[in-house]
Amino acid sequence: MMEPSKAVLRWGRCPKDWNRDCNSSKQYGCQLKYVLKLRHEIEEQCVEFFISSVLLSCFGLVLYHRVIVSTVSKQVLNAGMEQLVTTVTPCIRPCWASVGIISYELSEVEYAENEVNDPWVQKLLHAVETNAAGLQPLMTTNNYDSFVHFVIDFIVKGLEVIMMQKRFSQLGALQLDRDVRALLSHFSSMTQRTVRDKFARLTQMATILNLEKVSELLDF
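The sequence shown maps to residues 2 to 221 in our numbering.
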């Protein structure tokens, strides 16, 4: 796996810039977490100690402004994550873009060959791991999970467009199912949040393609 320092240099930005961006996202993430926690605790105490409905209403107004602050912080954090992803995606794009020239009209020999020599999934996962390695030590767990989910969104959206344009043989449908399962399994190990919903459409495509009869769609 590429060393963090080399991975950062490969992205075309200096380590100082990456440290600054990741530290900023870490600070916004922590601020958002504590603002929401403070809001929850204050709301509980208000209900317990404030007898006057007027005072409670005034305090509710203050809490409302705190919510606005937390919402803006979350928007800034998401914008920062999107910026990080746009810097990493040029290193990932060639891997999933190559799927466009890979055939899913497979013979038994080709299907068996793909099982031994994966045509694209492992290359894509290696590219993601290599480029993510430089960021993980610089980010909080929550921010890194968010970053991974943004990367997944980028990859899945591209794959969905590509797969919709392809033709599939019966073995090709099995290959797609195998590819989606491999992606889902690997990305699940990279984040503490569920990623199954991200692959729902690809999983559905693989399931439908593997149906033996059109009538089976009624049971799907």
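C-beta atoms are modelled at their ideal positions from N, C-alpha and C, and glycine is treated no differently. Given the structure is predicted, the values throughout are model-derived calculations rather than measurements.
Go ahead and label Lys199 buried or exposed: buried means 16 or more other beta carbons lie within 10 angstroms of its beta carbon, across all protein chains shown. buried
Taking Met191 as the reference, give the member of Ser216, Asp146, Met206 with the closest Cα. Asp146
On a CA-only basis, which of Asp220, Thr195, Glu109, Leu177 is nearest Val100? Give me that one, please. Leu177
Quick check for students: name the residue ranges of the alpha helix (DSSP H) that lie wholly in the region 110 to 169, counting only runs of 4 or more. 122 to 133, 142 to 165
Spatial neighbours of Phe1 in its chain, beta-carbon cut-off 6 Å, leaving aside the 5 residues before and after: Missing from the structure shown is residue 1; the chain here goes from 2 to 221 and no further.
Nearest-angstrom beta carbon gap, Thr142 and Gln193 [assumed within contact, 8 Å]: 7 Å
Specify, as a first and last residue, the run of the alpha helix (DSSP H) that Val181 falls within. 171 to 191
Are the CB atoms of Val196 and His127 within a distance shorter than 9 Å? no
If I follow the unbroken alpha helix (DSSP H) through Arg202, where does it start and stop? 201 to 210
Cβ of Ile102 versus every heavy atom of the ligand FMN: is any distance shorter than 8 Å? As presented, the structure is devoid of all ligands, the ligand FMN included, so that no description of it is given.
Measure the alpha-carbon distance for Gly135 versus Cys92 and round it to whole angstroms. 13 Å
When you compare the CB positions of Ser108 and Leu172, do they come within less than 9 Å of one another, or not? yes
Could you tell me if Ile102 is buried or exposed, where buried requires 16 or more neighbouring beta carbons within 10 angstroms of its beta carbon? exposed
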